[in-house]
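Colleague: Residue numbers (mature numbering (1 follows the signal peptide of the UniProt record, and there is no 0)): -33 to -1, 1 to 225. Backbone N, C-alpha and C define an ideal beta-carbon position, used for all residues, glycine too. These numbers were taken from a predicted model, which means no experiment stands behind them.
(1) Grab me the residues of residue 181's own chain with a C-beta within less than 8 Å of its C-beta, minus the 5 sequence neighbours each way, in chain order.
(2) What would DSSP say about residue 177, mapped onto helix, strand or coil?
(3) Going by other Cβ atoms of all chains shown within 10 Å of its Cβ, with 16 needed for buried, is residue 24 buried or exposed?
(4) According to DSSP, residue 142 sits in a beta bridge with which residue or residues?
(5) Going by beta-carbon coordinates alone, are residue 20 and residue 102 separated by less than 9 Å?
(6) Can you pull the DSSP bridge partners for residue 21?
(7) Please report how far the alpha carbon of residue 58 lies from the alpha carbon of residue 148, in whole angstroms.
(8) In terms of residue numbering, what span does the beta strand (DSSP E) encompassing residue 30 cover?
(9) Starting from the C-beta of residue 212, find all residues in its chain whose C-beta is less than 8 Å away, skip the five residues before and the five after it, and write them out in chain order.
(10) Could you compute how far the alpha carbon of residue 93 sits from the alpha carbon of residue 64?
(11) Residue 82 and residue 106: beta carbons closer than 9 Å?
(12) Determine, for residue 57, whether the minimum Cβ-Cβ distance to residues of chain C falls below 9 Å.
(13) Closest to residue 120 by C-alpha separation, out of 130, 111, 112, would be which residue?
(14) Relative to the C-alpha of residue 192, which residue among 176, 172, 151, 141 is closest?
(15) Going by beta carbon distance, what residues of the same chain come within less than 6 Å of residue 37, once the five residues before and after it are set aside?
(16) Give the single residue among 86, 22, 112, 152 whose Cα lies nearest to the Cα of residue 201.
(17) Below 8 Å on the Cβ atoms is my guess for residue 90 versus residue 10; work out the distance and round it to an integer in Å.
(18) Determine the direct distance from the alpha carbon of residue 205 to that of residue 186, and round the result to whole angstroms.
(19) Is residue 169 buried or exposed, if buried means 16 or more other CB atoms sit within 10 Å of its CB?
(20) Can you tell me which residues form a DSSP beta bridge with residue 41?
(21) Specify the secondary structure class of residue 127 as computed by DSSP and reduced to three states.
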């Protein structure tokens, strides 16, 4: 009788242990399944392209776009009307990492539908999609230009202002970085020489209290193309034409001459 009760108790304990073990497996499976669901997510941008991309045909450009998600999202470039962008051999490439590439190209290969276009980057997976801000892409065909500096007429003791004349067709992409003189002096945007020589934010060279010594040298501006990085001196040099103030001689009276 005692033996039967012991067997019955052991059997009950075994059944309880099996149930607990099975319950544990179920919990683990449930937690694992829940974890899998929690890990799944729609795309989120890691790097979103900027709103404007200007570049020279001599340099090309890379527009970066990347996103994360689970599963990893597919990266697609689209136009402003929502249609997908494809590759154009030698002019436009789409890399596997999501970047949009515009290789350098010849002037005669310029295409408005490629090089003057509004693009957007889209990342999508089964849980959703995200679209970047509009990216205004503009390629500029590199053109030769010459900056000009002309003579400035000024009265002795007054202020003179030299201007660097840049052709309008490149003015948006060219900046004045410094002025140089024939005696070897350079004046940059961040320089101030006792307040006499100063380059204004607009690029003009400001010279205070002009004296005869300022008329013995010539002045040139140096420009830089923002897209290519090329720098060059102006094709012409300007000089100061200094005149004496009117009435600088003390007045005389007839009685003084007698």
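Modeller: Looking at the coordinates:
(1) By 1-based counting over the chain shown, the position of residue 181 is 214. Excluding residues within five positions, the ones whose Cβ falls inside 8 Å are 127, 174, 207, 209.
(2) Residue mapping note: residue 177 aligns to position 210 of the chain shown, counting from 1. Three-state DSSP puts residue 177 in coil, outside helix and strand.
(3) The residue labelled residue 24 in the question sits at position 57 within the chain shown. Buried is the call here.
(4) Residue 142 sits at position 175 when you count from the first residue of the chain shown. Bridge partners of residue 142: 191.
(5) Here residue 20 corresponds to residue number 53 of the chain shown, with the count starting at 1. Here residue 102 corresponds to residue number 135 of the chain shown, with the count starting at 1. Cβ distance < 9 Å, so residue 20 and residue 102 count as in contact.
(6) As a first step, residue 21 must be located in the chain shown, where it is residue number 54. Under DSSP, the beta-bridge partners assigned to residue 21 are 105.
(7) For this step, residue 58 is matched to residue 91 along the chain shown. For this step, residue 148 is matched to residue 181 along the chain shown. Whole-angstrom Cα-Cα distance: 43 Å.
(8) Position 63 of the chain shown holds residue 30. Run containing residue 30: 28 to 30, per the beta strand (DSSP E) assignment.
(9) For this step, residue 212 is matched to residue 245 along the chain shown. The answer, listed in chain order, is 122, 123, 124.
(10) The count along the chain shown starts at 1 and reaches residue 93 at position 126. The count along the chain shown starts at 1 and reaches residue 64 at position 97. Computed Cα separation, rounded: 19 Å.
(11) Walking along the chain shown from the start, residue 82 turns up at place 115. Walking along the chain shown from the start, residue 106 turns up at place 139. Yes, Cβ-Cβ distance for residue 82 and residue 106 is below 9 Å.
(12) Absent here is chain C; the protein component of the structure consists of one chain.
(13) Taking the first residue of the chain shown as 1, we reach residue 120 at position 153. Selected option, being the one with the closest Cα: 130.
(14) As a working mapping, residue 192 is identified with position 225 in the chain shown. Checking every option, the nearest Cα to that of residue 192 belongs to 141.
(15) Counting from one through the chain shown, the residue named residue 37 turns up at place 70. Excluding sequence neighbours, residue 37 sits near 6, 7, 8.
(16) Numbered from its first residue, the chain shown carries residue 201 at position 234. It is 112.
(17) Residue numbering aside, residue 90 sits at position 123 when the chain shown is read from its first letter. Residue numbering aside, residue 10 sits at position 43 when the chain shown is read from its first letter. That pair is a contact at about 4 Å.
(18) For the purposes of this step, residue 186 is taken as residue 219 along the chain shown, with counting starting at 1. For the purposes of this step, residue 205 is taken as residue 238 along the chain shown, with counting starting at 1. In this structure, the straight-line span from the alpha carbon of residue 186 to that of residue 205 is close to 5 Å.
(19) Reading the chain shown from its first residue, position 202 is the one you call residue 169. Exposed, by the Cβ-count rule.
(20) Locating residue 41 in the chain shown gives position 74, counting from the first residue. According to DSSP, residue 41 bridges with 91.
(21) Stepping through the chain shown from its first residue, residue 127 is reached at position 160. Strand.
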